[in-house]
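>
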Amino acid sequence: MIPSDNHVHTNFSTDSTTPMEAQLLQAKTLGLPSLCFTDHMDYNFPSKGHATEFFFPVDKYFSAIRKLQEKYPDFPLRIGVELGLKKDVLPQCLSLTGSYSFDFVIGSTHLVDDIDPYYPEYWEARGEAEGIFRYYQVTLENLQLDFDFDVYGHLDYILRYCPAIKAARETGTVPEAFFQTYFNQNKEIIAEILQCLISRGKGIELNTGGLKYGLGHPNPHEAILSLYRDLGGEIITLGSDAHEEKHLAYDFSKVAGILRQCGFSRYAEYHHRKALWLPLA
Numbered sequence: 549m550i551p552s553d554n555h556v557h558t559n560f561s562t563d564s565t566t567p568m569e570a571q572l573l574q575a576k577t578l579g580l581p582s583l584c585f586t587d588h589m590d591y592n593f594p595s596k597g598h599a600t601e602f603f604f605p606v607d608k609y610f611s612a613i614r615k616l617q618e619k620y621p622d623f624p625l626r627i628g629v630e631l632g633l634k635k636d637v638l639p640q641c642l643s644l645t646g647s648y649s650f651d652f653v654i655g656s657t658h659l660v661d662d663i664d665p666y667y668p669e670y671w672e673a674r675g676e677a678e679g680i681f682r683y684y685q686v687t688l689e690n691l692q693l694d695f696d697f698d699v700y701g702h703l704d705y706i707l708r709y710c711p712a713i714k715a716a717r718e719t720g721t722v723p724e725a726f727f728q729t730y731f732n733q734n735k736e737i738i739a740e741i742l743q744c745l746i747s748r749g750k751g752i753e754l755n756t757g758g759l760k761y762g763l764g765h766p767n768p769h770e771a772i773l774s775l776y777r778d779l780g781g782e783i784i785t786l787g788s789d790a791h792e793e794k795h796l797a798y799d800f801s802k803v804a805g806i807l808r809q810c811g812f813s814r815y816a817e818y819h820h821r822k823a824l825w826l827p828l829a
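Converting from the sequence shown to our numbering requires adding 548 to each position, the first position being numbered 1.
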């Protein structure tokens with residue numbers, strides 16, 4: 549059976565135009581057992597002449613999902629959120645998760661020193677090695693602030709946009725040597741991040757967005773998934789990071805094999821902020 553998708557965006561996210569119902573109907577078509585919407589809530593997102601703030605009206609969000617739950621009572625639909633973590637938004641994030649009954653909360657690093665690595669100027673200011681390392685530094689700093697979340701999202705998100713990966717993607721190649729080099733250079737801080745998550749009872753996700761982006765690997769890379777398991781980490785959720793219905797459950801046929809390869813025998817879904825353990829198919 550294809551597993552549930554637990555990282556899904558809709559038109560409540562600034563970077564998506566897909567209606568909630570379209571995602572739900574696609575989930576039913578694909579035979580997913582359930583779905584969790586996790587739209588972006590990135591407080592104080594700097595425009596920098598680019599995107600507007602990633603913010604949605606929470607009451608309207610809950611109302612829209614409740615209406616779909618009533619319309620499709622036979623399909624388990626859960627309410628989640630993806631929080632953009634940075635040090636100046638801790639009070640807003642804690643207020644949100646303390647005031648609303650989410651099923652699932654993803655914490656993600658989307659900004660490094662208030663710059664999105666999606667944009668070339670991030671790399672122009674730092675270079676590749678420094679840009680990647682700084683991303684992990686900021687991720688660790690975010691973790692140490694005690695945000696309220698369940699799993700950390702796409703832990704090596706930075707790789708989607710670094711120049712070497714962009715260049716490889718344009719030629720349709722997978723730069724395996726680059727992945728190994730970047731992992732070796734950053735293994736110490738990645739391990740510190742993973743240990744911090746484990747000590748706080750937080751998990752990570754296997755995000756197939758990396759496969760969609762042509763990296764040839766999920767986010768995070770299998771090397772990070774294996775290191776997390778070796779350090780004693782157990783909590784893994786599955787998500788596609790789909791912003792369009794055509795990407796829902798993207799390459800989910802591969803996730804069981806990837807997880808087994810990395811030492812896992814089960815994964816988790818969150819209901820009412822509690823992990824429900826499921827065996828790999």
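By construction, the Cβ of each residue, glycine as well, lies at the ideal position given by its N, Cα and C atoms.
1) Is proline 665 near the ligand HEM, judged by its Cβ being under 7 angstroms from some heavy atom?
2) From what residue to what residue does the beta strand (DSSP E) around valine 556 run?
3) Per DSSP, what kind of secondary structure is proline 567 in: helix, strand or coil?
4) Short check: CB of glycine 764 to CB of valine 803, under 8 angstroms?
5) Could you check where the beta strand (DSSP E) with valine 653 kicks off and where it finishes?
6) Report, in whole angstroms, the separation of the C-beta atoms of tyrosine 815 and leucine 773, which I expect to be a contact under 8 angstroms.
7) Please list the terminal residues of the continuous alpha helix (DSSP H) segment that includes threonine 515.
8) If you check the beta carbons only, do lysine 750 and valine 699 fall under 8 angstroms apart?
9) Leaving aside the five residues before and after asparagine 592 along the sequence, list all residues of the same chain whose C-beta is less than 7 angstroms from its C-beta, in chain order.
10) Would you say histidine 702 and glutamate 753 are within 8 angstroms of each other, going by their C-beta atoms?
11) Buried or exposed for threonine 566, going by 16 or more other Cβ atoms inside 10 Å?
12) Could you tell me the boundaries of the alpha helix (DSSP H) in which lysine 714 lies?
13) Can you tell me which of the three DSSP states lysine 608 falls into?
14) Indicate whether glycine 757 and asparagine 767 have their beta-carbon atoms separated by less than 8 angstroms.
15) My guess is that histidine 588 and serine 561 are in contact by the Cβ rule of under 8 angstroms, so how many angstroms apart are they, rounded?
16) Answer yes or no: do arginine 626 and phenylalanine 652 have a C-beta to C-beta separation smaller than 8 angstroms?
17) Taking three-plus beta-carbon pairs below 8 angstroms as touching, is the region 603–615 in contact with the region 661–674?
18) What residue range does the alpha helix (DSSP H) around phenylalanine 585 cover?
19) How many Å lie between threonine 719 and leucine 707 at the Cα?
20) Starting from alanine 830, follow the beta strand (DSSP E) in both directions and report where the run begins and ends.
21) Note down the Cα distance separating glutamine 733 from tyrosine 683, rounded to an integer number of angstroms.
22) Between Asn554, Ala771 and Ala725, which lies nearest to leucine 742 when the distance is taken from Cα to Cα?
23) Within a Cβ cutoff of 7 angstroms, which residues of the same chain sit near alanine 797, ignoring the five residues on either side of it in sequence?
24) Would you mind working out which of Thr586, Asp622, Pro624 and Tyr620 sits nearest valine 606, comparing C-alpha positions?
25) Among Glu601, Phe697, Asp799 and Glu740, which residue has its Cα nearest to the Cα of glycine 762?
26) Looking only at DSSP bridge pairs, what is histidine 803 linked to?
27) Assuming histidine 557 contacts serine 564 under a Cβ cut-off of 8 angstroms, what Cβ separation, rounded to an integer in Å, is found between them?
28) What are the partner residues of valine 686, as DSSP defines its beta bridges?
29) Going by the beta-carbon positions, is the gap between phenylalanine 602 and cysteine 641 smaller than 8 angstroms?
30) Can you list, in chain order, the residues of its chain whose CB lies under 7 angstroms from that of aspartate 662, leaving out five sequence neighbours each side?
To lay it out plainly:
1) The ligand HEM is absent from the structure shown, which contains no ligands of any kind.
2) Residues 553–556.
3) Of the three classes helix, strand and coil, the one that applies to proline 567 here is coil, per DSSP.
4) no
5) 652–656
6) With a contact defined as Cβ atoms closer than 8 angstroms, tyrosine 815 and leucine 773 miss out at about 11 angstroms.
7) Since the first and last residues shown for the chain are 549 and 829, residue 515 lies out of range.
8) Cβ atoms of lysine 750 and valine 699: closer than 8 angstroms.
9) For asparagine 592, where only same-chain residues beyond five positions count, the Cβ hits under 7 angstroms are Asp636 and Val637.
10) Contact: yes.
11) Flag for threonine 566 reads buried.
12) Note, lysine 714: alpha helix (DSSP H), 711–719.
13) Three-state DSSP puts lysine 608 in a helix.
14) yes
15) 4 angstroms
16) For the 8 angstroms CB-CB criterion, arginine 626 and phenylalanine 652 form a contact.
17) no
18) Careful: phenylalanine 585 lies outside any alpha helix (DSSP H), inside the beta strand (DSSP E) at 583–589.
19) 16 angstroms
20) A question about residue 830 goes unanswered here, because the residues of the chain that appear run from 549 up to 829.
21) 13 angstroms
22) Ala771
23) Ile550, Asp553, Leu578, Leu580 and Ser788
24) Thr586
25) Asp799
26) Just to set this straight, residue 803 is valine in the shown sequence, not histidine. None; valine 803 has no bridge partner.
27) 4 angstroms
28) Valine 686 is not bridged to any residue.
29) no
30) Pro594
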